[in-house]
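S.K.:
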Amino acid sequence: MQHHSDMAAQITSTLEAVTARLLWWAQPWTAHLSRLAVLRILARITTGSLLVIDESRATKHVFGHSPLTGEDHEAAGGASVPPSLHVELVVKSEAFWSRLLFLADIGFAECYMLGDVECNDLTAFFQLFISNRAELGNGETVFSMLPSAIATIGRPTNSRATSLLNTAAHYDISNDMFAAFLSKDMTYSCPIWRTAPAREPRGEVESLQDAQHRKLQRFIQGARIAASDHVLEIGTGWGSFAIEAVKQTGCRITSITLSRRQKELAERRVKLAGLAHRIEVKFMDYRDLPTPEKPFDKIISIEMIEAVGKAHLAEYFAAIHTLLNPDTGIAMFQCITIPEALHAAGDGKSG
1 MQHHSDMAAQ
11 ITSTLEAVTA
21 RLLWWAQPWT
31 AHLSRLAVLR
41 ILARITTGSL
51 LVIDESRATK
61 HVFGHSPLTG
71 EDHEAAGGAS
81 VPPSLHVELV
91 VKSEAFWSRL
101 LFLADIGFAE
111 CYMLGDVECN
121 DLTAFFQLFI
131 SNRAELGNGE
141 TVFSMLPSAI
151 ATIGRPTNSR
161 ATSLLNTAAH
171 YDISNDMFAA
181 FLSKDMTYSC
191 PIWRTAPARE
201 PRGEVESLQD
211 AQHRKLQRFI
221 QGARIAASDH
231 VLEIGTGWGS
241 FAIEAVKQTG
251 CRITSITLSR
261 RQKELAERRV
271 KLAGLAHRIE
281 VKFMDYRDLP
291 TPEKPFDKII
301 SIEMIEAVGK
311 AHLAEYFAAI
321 HTLLNPDTGI
331 AMFQCITIPE
341 ALHAAGDGKS
351 G
């Protein structure tokens, strides 16, 4: 079973990578057509304005409306749009058009890193696209969806073996690598910022550590964790939530993970914090948790549900129902979301 899962995952990954690269290698012959296609998509912008300066062709293109004056107005969905929502892009290389058409948001990110495109205000750029999402869809094109669509054909659902394989491929690379860009508490999930860092006054941007602490605090308070509680955490990470929750409340935590590297480091950190008597980390799939004699008082899962897979969501919540105290229990989740159309395109198989 493990051998077949490994093979399926390797084939899927190869298909996706080869398709994306084939599309990319074709870009020298498709730059002109890509440019026309991207400009046609950008012409749908109705809220705010976008100025595209194409240096290679010495041309300028304006999309949307001229910068507004006065009060904020509403875009599709009721979102408030600043009157100054105006963005300027400078295209430095023809490669930008093909990367954007074939690789969508990833293509834009690559171009920005490589210097193929410059932007006067990235925050405003993202806000512009969010404000025009009804017109632009998800920023995906037929071409950019080809790699994932092909890969989906051979992608297995998240069985126990596949879940273990996926987790190992993502997390069991190197703890030191993750430590290089995470906050000191090694929290690997979206923080809760006081406000958007790009909008903070210079010199007043709060640290990632503070933003992550705010997020952990939100869970501790939101789930009303008390000293008498036995808490189940699905998805240990490197132990930051368990350590913080026990420090603040004195509760008892059972935390499960499918990453051997994370388990090893989490246990070391728990021991170093002097909390080994209150926190137990288990290498276990949530589907294999035995029904406890006394149900858990609280269940916490921070950005793990994405790895469950659409086909297993009912099974996942059935397990939560079985494991949680039916009378006073509280379950609290944090999830990564994607536009509905992208989820439908991938059929929700991947996490």
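If you're matching positions, the sequence shown starts at 1 in the UniProt record's numbering and goes up one per residue. Note that CB positions come from ideal geometry on N, CA and C, so glycine has one too.
(1) Helix, strand or coil: how does DSSP classify M186 here?
(2) Which residue from A276, H321, K271 puts its Cα closest to that of R252?
(3) Indicate the three-state DSSP secondary structure (helix, strand or coil) for V142 in the structure shown.
(4) Label I338 either buried or exposed according to how many other C-beta atoms from any shown protein chain fall within 10 Å of its C-beta, with 16 as the threshold for buried.
(5) Closest to F219 by C-alpha separation, out of I302, E110, E204, E135, would be which residue?
(6) Can you have a look at H213 and say buried or exposed, based on whether 16 or more other CB atoms are within 10 angstroms of its CB?
(7) Inspect the beta-carbon positions of W97 and V38 and report whether they are closer than 7 Å.
(8) Is the Cβ-Cβ distance between S189 and L208 less than 7 Å?
(9) Decide if C111 is buried, meaning its Cβ has at least 16 other Cβ atoms within 10 Å, or exposed.
(10) Indicate the three-state DSSP secondary structure (helix, strand or coil) for L289 in the structure shown.
(11) Going along the chain, which unbroken runs of the alpha helix (DSSP H) with 4 or more residues stay wholly within the region 82 to 124?
(12) Classify K271 as helix, strand or coil using the three-state DSSP reduction.
(13) Between the C-alpha atoms of T30 and A104, what's the straight-line distance to the nearest angstrom?
(14) Can you tell which of Q221, F63, I41 has its C-alpha closest to the C-alpha of K298?
(15) Out of curiosity, what's the CA-to-CA distance linking residue 402 and E233?
(16) What's the C-alpha gap between D116 and A124?
(17) Closer than 8 Å by C-beta to T291: which residues in its own chain qualify, once you throw out the five before and the five after it? Chain order, please.
(18) Using the beta-carbon count (16 or more within 10 Å), is C335 buried or exposed?
(19) How big is the Cα-Cα spacing for F283 and E206?
M.R.: Put simply:
(1) Per DSSP, reduced to three states, the secondary structure at M186 is coil, with no helix or strand assignment.
(2) With respect to the C-alpha of R252, the residue from A276, H321, K271 having the closest C-alpha is A276.
(3) Residue placement at V142 is flagged as unreliable, the pLDDT there being 47, under the threshold of 50; the coordinate-derived value follows with that caveat. Helix.
(4) With fewer than 16 other Cβ atoms from the protein chains shown falling within 10 Å of its own Cβ, I338 counts as exposed.
(5) Comparing Cα positions, the closest option is I302.
(6) Of the residues assessed, H213 falls on the buried side of the cut-off, its CB having 16 or more other CB atoms within 10 angstroms.
(7) It is a contact, given that the beta carbons lie within the stated cut-off.
(8) Not a contact, by the Cβ cut-off of 7 Å.
(9) Of the residues assessed, C111 falls on the buried side of the cut-off, its CB having 16 or more other CB atoms within 10 angstroms.
(10) Correct three-state label for L289: coil.
(11) Counting whole runs of 4 or more residues, the region 82 to 124 contains the alpha helix (DSSP H) stretches 95 to 114.
(12) DSSP places K271 in helix when its eight states are reduced to three.
(13) Each residue's CA atom was taken as its position, placing T30 and A104 some 15 Å apart.
(14) Of the residues Q221, F63, I41, the one whose Cα lies closest to the Cα of K298 is Q221.
(15) Since the first residue of the chain shown is 1 and the last is 351, residue 402 is not available in this structure.
(16) Computed Cα separation, rounded: 19 Å.
(17) Take T291, set aside five residues on each side of it, and the residues of its chain with a beta-carbon closer than 8 Å to its own are T322, L323, in chain order.
(18) Label assigned to C335: exposed.
(19) Using only the alpha carbons, I get a separation of about 35 Å.
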